[in-house]
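Novice: Questions regarding the structure given below will be posed in turn.
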Amino acid sequence: MRDFFDRLSANAHWFVFLILEITCGYLLFQFNRYQGSVWFTQANALMGTVLDWEAKAIQYIHLADNNKKLTHENLVLQYNMEVMRDELTRLKKDSSYTEKVLAEFLQDVHLIPAQIINNSIRDKDNYMTINRGELDGVKPEMGVVSGTGVVGIVFQTTNHYSLIMPILHSKSSISCRLRDTDYFGYLKWRGGNPLQAYIDDIPRHAKFHVGDIVETSGYSNVFPAGIFVGRVAQIHNSDDGLSYQLEVQLSTDLSRLREVCVVAQENQIELDSLENQVY
Amino acid sequence: MIVTLLIRLLQMLVLIAFQVLVLNHVHFLGYATPMVYVAILLYLPWNANRVGTLFLSFVMGLVLDAFSNTPGLTAASMVFAGFIQPYLLHAMAPKDTVEDMVPTYRSMGKWNHVRYVMLIVLIQQVCYFLLECFSFYNYRELLLTFAGSYVITLVIVLALESFRNRNS
């Protein structure tokens, strides 16, 4: 026993060295933005592979359920298509114009399908990881959508994985408008219920009702205009009483999401650099 | 005992003041910044307490970090250099050395001492720049900054050493 303690005190500097270096490392990654962010993405790239396996396994288990849902969705879509086709034949005379607009819209947008391999909804700042990265064409600041609506924005990318800042993040702010009225505001999440977010600064004179549709405005050039976000659930007064504050029921349940698409806009970089010149 | 402690404290204060007030503002050609504070490790005698050395380097690093707004960066590199320093000194000191030998040109032999200084500065600088850049993405920039800072630090430290040698 005595021998043990002797040896311990003779090597005390080793332990002190380790403790001090760990302290330094903690300070370094906690308080330096650059090192912290490098650590963050590196850790995610390493974890990515493992999480990918896990996600695949879980997906296999949910296969039957998903199949049922897809079939149902297919039916709805086919029905919708029939309705649209009828509508289109009715408006046949300016169909060439519709086609042109649609082609223009799709020309600079293409979708990169991806799967979520890591997800959290409990924290104040949630993040998701998807299994597509720079090599698949994903870049930071691109939008992420699912079949049911907006999901979030790409935050950081590595070669094969990307980190998403979903709507459920305290810094997330997505430019939204009320369909048909064009009044717009920024969608913010305040923690708590993952199906509830808020839009501030809707002016007093705006006319709208509970149940109106909220969609993306297209102002932020992250999302194209008109992507479904949710519905107005309640109308509150803002804190200063000068405008309305809308409580939005989000259409996308992020807690049970697996398949998403990244929205890549061809001319986004051009737009960004143009705006950077101005501001 | 008290006197050595006070002298050590004074040396620390002078080096920190020199670094913070003068050298932190030097960016020679945009690359090289001298980091002379590492010289504190060169003043430690052969029989210095190793745990004490580590804490000294840690505190020194933290104070400097507080001034340059990089918590943990300088401290980590200093603790590492302070950990290696006793091993280095024990390996490089002459065989017939006394217990409380302070490494100088005279006590260690001229070239031996220069080699000792070069190695300690090298260890601290490598550690510092690896942690600062934290990737080899811009390795040319990294190498250039590192080499520039290393050379300029070494020149100033060696100048300080020769000054100290003349006085003692």
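Protein chains in written order, with our numbering: chain A, 129 to 407; chain B, 86 to 253.
Note that CB positions come from ideal geometry on N, CA and C, so glycine has one too.
Computed from a predicted model, the values in this text were never measured in an experiment.
#1: Report the neighbours of Gly153(A) on chain B: residues whose CB is nearer than 8 Å to its CB, in chain order.
#2: Only counting runs of 3 or more residues, tell me where the beta strand (DSSP E) segments fall wholly within the region 261-286 of chain A, in order along the chain.
#3: Please work out which residues of its chain come closer than 7 Å, Cβ to Cβ, to Gln187(A), disregarding the five sequence neighbours upstream and downstream, and give them in chain order.
#4: How about Leu216(B): is its C-beta nearer than 8 Å to some C-beta of chain A?
#5: Taking CB distances under 8 Å as the criterion, tell me whether Leu139(B) reaches chain A.
#6: Please classify Tyr116(B): does DSSP put it in a helix, a strand, or coil?
#7: Ordered along the chain, which non-local residues of its own chain (more than five positions away) have a Cβ less than 7 Å from that of Val111(B)?
#8: Per DSSP, which residues does Ile87(B) bridge with? Please list them.
#9: I need the DSSP call for Gly157(B), collapsed to helix, strand or coil.
#10: Name the residue from Arg130(A), Arg305(A), Ser274(A) whose alpha carbon lies nearest to the alpha carbon of Ser383(A).
#11: Pull out every residue of the region 296-325 of chain A whose Cβ sits closer than 9 Å to any Cβ of chain B, in chain order.
#12: Give the interface partners of Ala140(A) over in chain B, defined as CB-CB distance under 7 Å, in chain order.
#13: Exposed or buried, Ser345(A), counting other C-beta atoms within 10 Å across all chains shown (16 or more means buried)?
#14: With 8 Å as the threshold, decide whether the Cβ of Val105(B) is near any Cβ in chain C.
#15: Using the three-state DSSP reduction, which class does Glu184(B) fall into: helix, strand or coil?
#16: Can you tell me where the alpha helix (DSSP H) holding Phe74(B) begins and where it ends?
#17: Which residues bound the alpha helix (DSSP H) around Ser137(A)?
#18: For Val464(A), which residues from the same chain have a beta carbon less than 7 Å from its beta carbon, with the 5 sequence-adjacent residues on both sides left out?
#19: Can you give the Cα-Cα distance for Tyr326(A) and Thr151(A), rounded to whole angstroms?
#20: For Leu129(B) and Leu204(B), what's the separation of their Cα atoms in angstroms?
#21: Can at least three beta-carbon pairs, one atom from the region 130-140 of chain B and one from the region 140-151 of chain A, be found at a separation below 8 Å?
#22: Which residue from Ala161(B), Val121(B), Ile208(B), Asp185(B) puts its Cα closest to that of Met316(B)?
#23: Alpha carbon to alpha carbon, what distance is there between Asn247(A) and Leu198(A)?
#24: Report buried or exposed for Leu230(A), applying the criterion of at least 16 other Cβ atoms within 10 angstroms of its Cβ.
#25: Measure from the C-beta of Phe143(B) to each C-beta in chain A and report whether the shortest distance is under 8 Å.
#26: Are any of the Cβ atoms in chain B nearer than 8 Å to that of Glu262(A)?
#27: Check the DSSP bridge columns for Asp253(A) and list the partner residues they point to.
#28: Which residue marks the beginning of the alpha helix (DSSP H) containing Ser192(B), and which one marks its end?
#29: Taking just the CA atoms, how far does Asp150(B) sit from Leu374(A)?
#30: So which residues on chain B does Val166(A) lean against when the C-beta distance must stay under 9 Å?
#31: Short of 9 Å Cβ to Cβ, which residues in the region 227-250 of chain B face chain A?
#32: Could you give the first and the last residue of the continuous beta strand (DSSP E) run that contains His288(A)?
#33: Hey, is Phe152(B)'s beta-carbon within less than 8 Å of any beta-carbon in chain A?
Specialist: Let me lay it out:
#1: The contacting residues are Gly157, Ala161.
#2: 271-274, 277-285, all fully within the region 261-286 of chain A.
#3: Listed in chain order, the non-local C-beta contacts of Gln187(A) below 7 Å within the same chain comprise Arg386, local neighbours out to five positions each way being set aside.
#4: Leu216(B) counts as touching chain A.
#5: For Leu139(B), the nearest beta carbon of chain A is closer than 8 Å to its own beta carbon.
#6: Coil at Tyr116(B), not helix or strand.
#7: Closer than 7 Å at the Cβ level, and outside the excluded window around Val111(B), lie Thr118, Pro119.
#8: Residue pairing for Ile87(B): DSSP places it in no beta bridge.
#9: Gly157(B) falls in the coil class under three-state DSSP.
#10: Nearest C-alpha to Ser383(A): Ser274(A).
#11: Listed in sequence order: no entries.
#12: Chain B residues near Ala140(A): Val136.
#13: Around the beta carbon of Ser345(A), a 10 Å sphere encloses 16 or more other beta carbons of the protein chains shown; the residue is thus reported as buried.
#14: The structure shown has no chain C; the protein chains it does contain are A and B.
#15: In the three-state scheme derived from DSSP, where H, G and I count as helix and E and B as strand, Glu184(B) is classed as coil.
#16: Given that chain B is displayed from residue 86 to residue 253, the structure contains no residue 74(B) and the question cannot be resolved.
#17: Unbroken alpha helix (DSSP H) run through Ser137(A): 130-138.
#18: No answer is possible for residue 464(A): the residues shown for chain A start at 129 and end at 407.
#19: Roughly 40 Å separates the two Cα atoms.
#20: Between Leu129(B) and Leu204(B), the alpha-carbon positions lie close to 15 Å from each other.
#21: They touch, by the three-pair rule.
#22: Any property of residue 316(B) remains undetermined from this structure, which presents chain B solely from 86 to 253.
#23: Their Cα atoms are separated by approximately 22 Å.
#24: Caution applies to Leu230(A), whose pLDDT of 48 falls short of 50 and renders its modelled position unreliable; the model cannot decide the point.
#25: Closer than 8 Å to the CB of Phe143(B) there is at least one CB belonging to chain A.
#26: The beta carbon of Glu262(A) sits no closer than 8 Å to any beta carbon of chain B.
#27: The partner list for Asp253(A) (beta bridge, DSSP) reads His297(A).
#28: Per DSSP, Ser192(B) belongs to the alpha helix (DSSP H) from 190-193.
#29: For Leu374(A) and Asp150(B), the distance between alpha carbons rounds to 46 Å.
#30: Result: Phe219, Ser220.
#31: Within the region 227-250 of chain B, no residue has a Cβ that lies closer than 9 Å to any Cβ of chain A.
#32: No beta strand (DSSP E) holds His288(A); DSSP gives it neither H nor E.
#33: By this cut-off, Phe152(B) is not an interface position.
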